[in-house]
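In the UniProt record's numbering, the protein residues as written are 1 to 532.
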């Protein structure tokens, strides 16, 4: 006799052998149906079909054996064999299904592990030889290029004045470099797909090396206008070469290390920062050793050597044009791209404005030239050390928003204290300035290092192909924004310090960092509201 209830319950079978019949107590669930039954013999199969149970188990014996006991009595031989084979077949299917499900689950777990941050970090330590050589080559190129850019600071102004140039003309020679990089990066990013990333990288290194060597022979030119025009011309050519290989190096980083973009860029920034920091010292040492020509001959020859090595060590990539013709103009229609570019400009502005102004700001402390140089080293040196750390953190936790907000907010605090800002009513203290420069070095890396990959992700989210042309366009826009900030930092910053003082200029840039934090949150809020 069976009792049917509408309340779903668990299903179990208790097998007991008794004289004359077999008692089965069933509590089953299938399609919102449960069965309570006490059945003899062959009614077991009817109950099984009624409940549509996918699997039946007994704690006493295997399913085939427990049913075959009563089948011997109730069924004929052919019927019994058929039922047993059906049950065996069903059990095999169940095992195969559960086995395949286990395999799928195992593969999913392996996929999760492979894509996890810790695995991503481990995989970076297992770079193959080709990848290691690529990183080292680009790192050395960044190092030598930045040394060539910054090495002229200690001795060129004095040489230029001997050639009859004014302070404003010297300032133009220094500032034109970043202005040309700003314009050239946009053009190179657009046409890199036709030139080729490797070809552009090698060409950029060769152009920069040749320009550096030519700069060393400028002292033999006549004084006055000829020296001024030739200095600007060679500096502009050097800037074009720098824009070529820096823009190409970012694209190669994406192609070669798609899962570790921020880490690789952080590593390249470490070498670039070290070159920028150590450049004046190296330039001064070579100048004392061999005169005006030696720094440029050594650095130019090194860049040419790196360019020849790159021909054989850097891999050839397929730089195919994209099927979509949205281009760089389409990228500039993406709101998040403008947010990122604003962050890049603020970063470059907040660090570069110190170059022509910090020494004068520290003059009231009567410091030696060595100590002033050490104060410059605090900002650039700390940035150089911590830049790869921010890249690793971003690649591990994918927390660009938090890192960039932290960097912008802390940079604002540091800039307020360097002045100090007039509204703080604080005395200017050397110890506070030194600590603030260290903090600025840490924080500026936080909101700069994730920006390139975040910009790349923004255009991908707006249906740009994951193609070489997309990488080149983003790299061109990115480098242009950085160069623009580096250009207006010393020029506009210097004018502002002259008119309003260092404290208000530093505080104004700090307020720009706060505005950047506000822009980050506004964009995040709007994006969440509209569901973009």
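Here a beta-carbon is modelled for each residue, glycine too, at the ideal position from N, C-alpha and C.
Since residue 134 and residue 252 are thought to touch, with beta carbons under 8 Å apart, how far apart are those beta carbons, to the nearest angstrom? 7 Å
Can you tell me which of 149, 155, 428, 425 puts its alpha carbon nearest to the alpha carbon of residue 542? A question about residue 542 goes unanswered here, because the residues of the chain that appear run from 1 up to 532.
By how many angstroms is the C-alpha of residue 299 removed from the C-alpha of residue 521? 44 Å
In chain order, which continuous runs of the beta strand (DSSP E) of length 3 or greater are located wholly inside the segment 278 to 308? none
Count the other CB atoms, across all protein chains shown, that sit within 10 Å of the CB of residue 289; report buried if there are 16 or more and exposed otherwise. exposed
With a Cβ-Cβ cutoff of 7 Å, do residue 438 and residue 512 count as a contact? no
Residue range of the alpha helix (DSSP H) that includes residue 490: 468 to 500
Using 10 angstroms around the beta-carbon of residue 345, count the other beta-carbons present and answer buried if the total reaches 16, otherwise exposed. buried
For the alpha helix (DSSP H) containing residue 405, name the first residue and the last one. 400 to 418
What would DSSP say about residue 520, mapped onto helix, strand or coil? helix
Comparing alpha-carbon positions, which option in 354, 140, 339 lies nearest residue 523? 339
Which residues in the same chain as residue 392 place their Cβ atom closer than 6 Å to its Cβ, once the five residues preceding and following it in sequence are excluded? 263
Where does the unbroken alpha helix (DSSP H) through residue 228 begin, and where does it stop? 225 to 256
Could you tell me whether the Cβ atoms of residue 313 and residue 527 are closer together than 7 Å? no
Quick one: using the 10 Å Cβ neighbour count with 16 as the cut-off for buried, is residue 154 buried or exposed? buried
Thinking just about the alpha-carbon of each residue, which of 447, 334, 420, 387 is nearest to the one in residue 462? 334
Can you find the residues in the same chain that come closer than 6 Å, C-beta to C-beta, to residue 480, ignoring five residues on each side of it along the sequence? 182, 185, 186
Cβ-based neighbour list, residue 209, same chain, cut-off 6 Å, excluding 5 preceding and 5 following: 300, 303, 304
Hey, could you find the ends of the alpha helix (DSSP H) residue 429 is sitting in? Premise fails: residue 429 is in no alpha helix (DSSP H) and is neither H nor E.
Between residue 205 and residue 245, what straight-line distance do the alpha-carbon atoms span, to the nearest angstrom? 6 Å
Just to confirm the assignment, what range does the alpha helix (DSSP H) spanning residue 197 have? 197 to 215
Taking only the alpha-carbon atoms, compute the straight-line gap between residue 348 and residue 231 and give it to the nearest angstrom. 25 Å
As assigned by DSSP and simplified to three states, the class of residue 316: coil
Quick one: what's got a C-beta closer than 8 Å to residue 422's C-beta in the same chain, skipping five residues either side? 503, 504, 507
Rank 163, 355, 359 by C-alpha distance to the C-alpha of residue 175 and give the top, closest one. 355
Secondary structure of residue 463, DSSP reduced to three states: coil
Whose C-alpha, out of 477, 453, 271, is nearest the C-alpha of residue 466? 453
In whole angstroms, what separates the C-alpha of residue 473 from that of residue 364? 46 Å
What separation, rounded to the nearest whole angstrom, lies between the Cα atoms of residue 329 and residue 460? 15 Å
Around the C-beta of residue 352, are 16 or more other C-beta atoms found within 10 angstroms, so that it is buried, or is it exposed? buried
Alpha carbon to alpha carbon, what distance is there between residue 146 and residue 341? 22 Å
Sequence-distant residues of the same chain with beta carbon closer than 7 Å to residue 487, five excluded per side: 175, 178, 179, 182
Leaving aside the five residues before and after residue 376 along the sequence, list all residues of the same chain whose C-beta is less than 7 Å from its C-beta, in chain order. 358
Residue range of the unbroken alpha helix (DSSP H) whose run includes residue 340: 335 to 352
Leaving out five residues on either side along the sequence, give the residues of the same chain with a beta carbon under 6 Å from the beta carbon of residue 446. 390, 403, 406, 407
Can you tell which of 203, 258, 221 has its C-alpha closest to the C-alpha of residue 237? 203
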